[in-house]
Structures are given as C-alpha cells and as structure tokens.
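Take a look at the structure below.
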Amino acid sequence: MLAPREVDEYVLPTERRVIRFRRHWAVIVSEVLQAVILFVLLALGAAYLPQNVVLDNLFWYGALLVLLKTSYKVSEWWVEKVVVTDKRVMLTKGIFTHQVGMMPLTKVTDLTFERTLNGRMLGYGTMVIESAGQIQALNRIDFLPDPEEVYEAISELVFGDKRQTRSYTLPGSGFGGARARRR
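Just so you know, we're using UniProt numbering here: the sequence shown kicks off at 1 and counts up by one.
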C-alpha cells in the first residue's frame, strides 16, 4: 500500500527493457558520513559532559533524529530507479510521493557523459541527455553507475540498428549479477 510500485510495472507490454539501474552508492556517502560524525559527537558529549537528565534526553533524541534522517535518505536512494527501454528513459523516485519522469528516445538529439576524478575511481559519472530544443524531465542523471555501458546502450537505441540492441542489468546495481542478454 505505502511501498512504491516496482519500476517494471511502468514498462508497457509493447516495450522491451534494455537497462535498469539505481544511482551509484556514492550519492549517499556524504549523508552517511555526516550521520557517523554526528553520532560520534553525540556519544562524546554524552560521555564527557556532566550527567544530566535534560542533556541525556537531548543526546538521545538528537541521535534518533540523525538516524531517522539518514534512514530516510538511504531509503530514498534505494527506491529511485532508472529504466531504459527501447522507446523511452524513465526515472522513478519518491517514498511518500511517487514520481515518474520520462523522456521518449525519439526526442533525444545528443548524449554526453562526464566523469570526474572521483567518478573514475569509484565507477560513476553523469549522463546528459539533450532533446530537440526542450528541457525534459530527464535531462541530467548524476551518479550514474558504469556510464560507458549506459552511454553505449542508449546510443545503440537512438543512433544504431534497432533490431540488434542488447538487454542487460548493470552489475552492482542491486538488480542481479552479470548481464542477462535477450534478443
């Protein structure tokens, strides 16, 4: 009831899923690190400040708020998924308000991916999808895992032979292991 729908439920029977992924885990690293630092500071404060009921309650509720906020951010990352079919690119996100953004592949005029030094070391990049004179719902996807593979898959769909496109799931995206090819 409250759980977001599975992204494959939005794929039409006339479409074929080519690639599906969730954004790279590096997108939530800063949030988790902030939570760890705040937990350490709260634990140090509770250990070294004088024992007081008010301070103990403040530390406990502070830790609870940090835990809730971090859990929400990680859950938000977990439910956000991108699916590329042979006809469109879709982005689903949201826990309480579920949103589905979509761009038809027929509108794609240019593809670009960028990789910073951190992105090259950790295996993520940014995909910029440009369309004919408009800014679409999916014009930029940050923290894209394995951007070369996604770039190749979308390029093959947009600019290549439509009958020969491959279908696979990125390894490490939380959806299974190695590529599963279909024809």
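Note that CB positions come from ideal geometry on N, CA and C, so glycine has one too.
Using three-state DSSP, classify residue i as helix, strand or coil.
| i | result |
| --- | --- |
| A178 | Low per-residue confidence applies at A178: pLDDT is 40, beneath 50, and the placement is therefore not dependable enough to give any value. |
| V7 | helix |
| residue 262 | No statement about residue 262 is possible, as the shown extent of the chain runs from 1 to 183 and does not include it. |
| P147 | helix |
| I154 | helix |
| R183 | Only weak support is given to the placement of R183: the predicted model assigns it a pLDDT of 33, under 50, and the question is left unresolved by the model. |
| F96 | coil |
| R120 | helix |
| residue 259 | There is no way to answer for residue 259, as the model of the chain reaches only from 1 to 183. |
Given a threshold of 16 other Cβ atoms within 10 Å of its Cβ, counted over all protein chains shown, does residue i qualify as buried or as exposed?
| i | result |
| --- | --- |
| I37 | exposed |
| F159 | exposed |
| R88 | buried |
| A153 | buried |
| R22 | buried |
Would you check if the distance between the CB atom of residue i and the CB atom of residue j is smaller than 8 Å?
| i | j | result |
| --- | --- | --- |
| R115 | G125 | yes |
| residue 239 | L91 | The structure shown has nothing for residue 239, since the chain only spans 1 to 183. |
Could you check the C-alpha separation between residue i and residue j for me, to the nearest Å?
| i | j | result |
| --- | --- | --- |
| L103 | V32 | Reading off the sequence shown, one finds Met at residue 103, where the question assumed Leu. If I take the Cα positions, the gap works out to 31 Å. |
| E130 | Q51 | 59 Å |
| V53 | I28 | 34 Å |
| A46 | L68 | 19 Å |
| A180 | E80 | Note that A180 has pLDDT 39, beneath the 50 cutoff, so the model's placement of it is unreliable and the number below is only indicative. So the alpha carbons of these two residues sit roughly 22 Å apart. |
Subject >> Runs of beta strand (DSSP E) lying entirely within the region 13 to 77, each at least 3 residues, in chain order >> reply: 17 to 21
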